[in-house]
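**Student:** Residue numbers (the working numbering), protein chains in the order written: chain Z, 1 to 219; chain E, 220 to 438. Got a structure here, written out as structure tokens. Questions coming.
There are 2 protein chains.
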Amino acid sequence: MSISPKAALLEEYALVARAISAPARLMLLEQIAQGERGVEALAEKTGLSIANASQHLQHLRRAGLVDSRRDGKSVIYRLSDAKTLALMDLLRVVAERNLAQVERILRGLSDGQDAPEPVSRDDLADRLAEGSVTIFDVRPADEFAFAHIPGARNVTLADLDRIALTLIPGSEIVAYCRGPYCIYAHQAVAALRKMGFNARRLDGGLPEWREEGRQVFHN
Amino acid sequence: MSISPKAALLEEYALVARAISAPARLMLLEQIAQGERGVEALAEKTGLSIANASQHLQHLRRAGLVDSRRDGKSVIYRLSDAKTLALMDLLRVVAERNLAQVERILRGLSDGQDAPEPVSRDDLADRLAEGSVTIFDVRPADEFAFAHIPGARNVTLADLDRIALTLIPGSEIVAYCRGPYCIYAHQAVAALRKMGFNARRLDGGLPEWREEGRQVFHN
DNA sequence: TATTTATTAAAGTATTCGCTTGAGTGATCT
DNA sequence: AGATCACTCAAGCGAATACTTTAATAAATA
Chain Z
1 MSISPKAALL EEYALVARAI SAPARLMLLE QIAQGERGVE ALAEKTGLSI
51 ANASQHLQHL RRAGLVDSRR DGKSVIYRLS DAKTLALMDL LRVVAERNLA
101 QVERILRGLS DGQDAPEPVS RDDLADRLAE GSVTIFDVRP ADEFAFAHIP
151 GARNVTLADL DRIALTLIPG SEIVAYCRGP YCIYAHQAVA ALRKMGFNAR
201 RLDGGLPEWR EEGRQVFHN
Chain E
220 MSISPKAALL EEYALVARAI SAPARLMLLE QIAQGERGVE ALAEKTGLSI
270 ANASQHLQHL RRAGLVDSRR DGKSVIYRLS DAKTLALMDL LRVVAERNLA
320 QVERILRGLS DGQDAPEPVS RDDLADRLAE GSVTIFDVRP ADEFAFAHIP
370 GARNVTLADL DRIALTLIPG SEIVAYCRGP YCIYAHQAVA ALRKMGFNAR
420 RLDGGLPEWR EEGRQVFHN
């Protein structure tokens, strides 16, 4: 019954790939990257049933992508390693580069306009220090409350039209959300540009910002 | 019928992940990385039936990881993008870091000994220029004949004992094979070290060497 | 034009996956 | 201790996958 070591290794690598090969698990990873959470919160955020979320989470744990620990009644999941984020990001890069379908979806998010290059995190940090930029955190209010980039203002897509009236026309805005998989920032930037603002996306989202050791406001 | 753009994007990312989530397809990618090849050659190298290999290859093509073109009677497959190699390598890194099982298998390959750190490609290039190192290409003869690092000597695992007798004891040897998924170099290094040679693996294999624009002997 | 060769398509089967439902487990609260 | 809460396990079902066998297609050759 002993199979070759080569086959055994490939089986393990494939196990990791299989873990990131279901949309539900990618959503869970995106949520866990925001900060460690219990099963119920993750299920609620991703729209999965509790039992289903639990099973997916165990799949992720078997692949070594997340760790879990017990905290009272809850079981808290968190990313086991920063490389997990890197793997997800590279997956996205490969998909965007090779699949025309992805190009099309992203173009649709920008409402036909050409999207500008994202702002690098280094750039944003510099401008933050100068105070020369407005930052919009385009995530749901509870995620913003949990953690956000200091100085960011929580603005959901629904708020955008109302908020825009209070902004100085032409001002420079940087929007971010959960990370590279999150589309809110794309949509917010497209809407703001349509209104004539100089809006751009931040490259990556909160997890990538935190991962680089930058300051995060945390509750 | 129109699903949300978010779900559509995740489905595309998952498609790419699914493509690298089967051992058979990882083997195919490893082979294709050696150089472009037809279906029959790939099937033979990986031990898959022709029809099965063809289906896996189409799976890889749908995910945008490989391209194909017709050359006479044959259909030639090749990597569509260097990022594919990077993705496979990161997959391996994540698996090695997080899965105890992988650690165990790799330890088994080294026959219980502690394996030394691999030699970087920069280092090897420097030593090659100095002529201060012996390079073993531990792949099957046909793959060596197809392409190899200039100055390398083709030595299969079966030859190793015989060849060892002709080497100066204590000499420094660097072994490489197909790439990070290939175990021949691990095994060769373990065997050579047991015989008292100062042997180490090259980091990566021929595809990574070529990818960096370094010289490759090619037929 | 007919035949051979290389590959893909189609059809069938066994296995695995994703999701649901309902029962089971561990920790906390009363 | 009993009730409750948060999660996991087990069973079951439909859909998707991996592999095999058997056509079908496309290009080269006779």
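Just so you know, even glycine gets a beta-carbon here, dropped at the ideal spot from N, CA and C. From a predicted model like this one, the values you see are computed outputs, not experimental measurements.
Cβ of Z:ALA115 versus every heavy atom of the ligand GDP: is any distance shorter than 8 Å?
**Tutor:** You won't find the ligand GDP in this model; it holds no ligand whatsoever.
**Student:** Check whether the segment 96 to 116 of chain Z and the segment 56 to 63 of chain Z are in contact - that is, three or more C-beta pairs closer than 8 Å.
**Tutor:** Touching, no, given that fewer than three Cβ pairs across the two stretches are closer than 8 Å.
**Student:** What are the residues that DSSP puts in a beta bridge with Z:GLY131?
**Tutor:** According to DSSP, Z:GLY131 bridges with nothing at all.
**Student:** Closer than 9 Å, CB to CB, is Z:VAL16 near chain E or not?
**Tutor:** Yes, because at least one Cβ of chain E sits closer than 9 Å to the Cβ of Z:VAL16.
**Student:** Exposed or buried, what is Z:MET1 when buried is set at 16 or more other beta-carbons lying within 10 Å of its beta-carbon?
**Tutor:** For Z:MET1, the pLDDT reaches just 35, beneath the cut-off of 50, and the residue's location in the model is therefore unreliable, although a value from the coordinates is still provided. Exposed, by the Cβ-count rule.
**Student:** Residue ranges of each beta strand (DSSP E) run of no fewer than 3 residues wholly in the segment 56 to 144 of chain Z, ordered along the chain?
**Tutor:** Here the runs fully enclosed are 66 to 71, 74 to 79, 134 to 137.
**Student:** Need the endpoints of the alpha helix (DSSP H) that Z:ARG162 sits in, please.
**Tutor:** Element bounds for Z:ARG162: 160 to 164.
**Student:** Would you tell me roughly how many angstroms separate the C-alpha atoms of E:LYS413 and E:VAL374, rounded to the nearest one?
**Tutor:** Spanning the two alpha carbons is a distance of roughly 17 Å.
**Student:** Under 7 Å Cβ to Cβ from E:ALA262, same chain only, skipping five residues before and after it: list those, please.
**Tutor:** Contacts found: SER268, ILE269, ALA272.
**Student:** Along the segment 78 to 111 of chain Z, where does the CB come closer than 7 Å to a CB of chain E? Name the residues.
**Tutor:** Against chain E - using a Cβ distance shorter than 7 Å - the residues of the segment 78 to 111 of chain Z are SER80, ASP81, LYS83, THR84, ALA86, LEU87, LEU90, LEU91, ARG92, VAL93, VAL94, ALA95, ARG97, ASN98, LEU99, GLN101, VAL102, ILE105, GLY108, LEU109.
**Student:** Taking 8 Å as the limit between beta carbons, can you name the residues of its chain near E:GLY415, skipping five residues before and five after?
**Tutor:** Cβ within range, chain order: PRO388, GLY389.
**Student:** Over what stretch of residues does the alpha helix (DSSP H) that includes Z:GLU36 continue unbroken?
**Tutor:** Here Z:GLU36 belongs to no alpha helix (DSSP H), and DSSP marks it neither H nor E.
**Student:** What would DSSP say about E:LEU267, mapped onto helix, strand or coil?
**Tutor:** Three-state result, E:LEU267: coil.
**Student:** Return the chain-ordered list of same chain residues with a C-beta closer than 8 Å to the C-beta of Z:ARG25, the five sequence neighbours on each side being excluded.
**Tutor:** For Z:ARG25, where only same-chain residues beyond five positions count, the Cβ hits under 8 Å are ALA19, HIS56, HIS59, LEU60.
**Student:** For Z:VAL16, report the span of its alpha helix (DSSP H) as first-last.
**Tutor:** That run of the alpha helix (DSSP H) goes 5 to 19.
**Student:** Return the residue from the list E:THR353, E:SER351, E:PRO369, E:LEU411 that minimises the CA-CA distance to E:ASP378.
**Tutor:** E:ASP378 has its Cα closest to that of E:LEU411, out of E:THR353, E:SER351, E:PRO369, E:LEU411.
**Student:** Per DSSP, what are the beta-bridge partners of E:TYR395 in this structure?
**Tutor:** Answer by DSSP bridge pairing, in chain order: E:ASP356.
**Student:** Give me the residue from E:GLY424, E:ALA334, E:ASP333 with the minimum Cα distance to E:ALA371.
**Tutor:** Cα-wise, what sits closest to E:ALA371 is E:GLY424.
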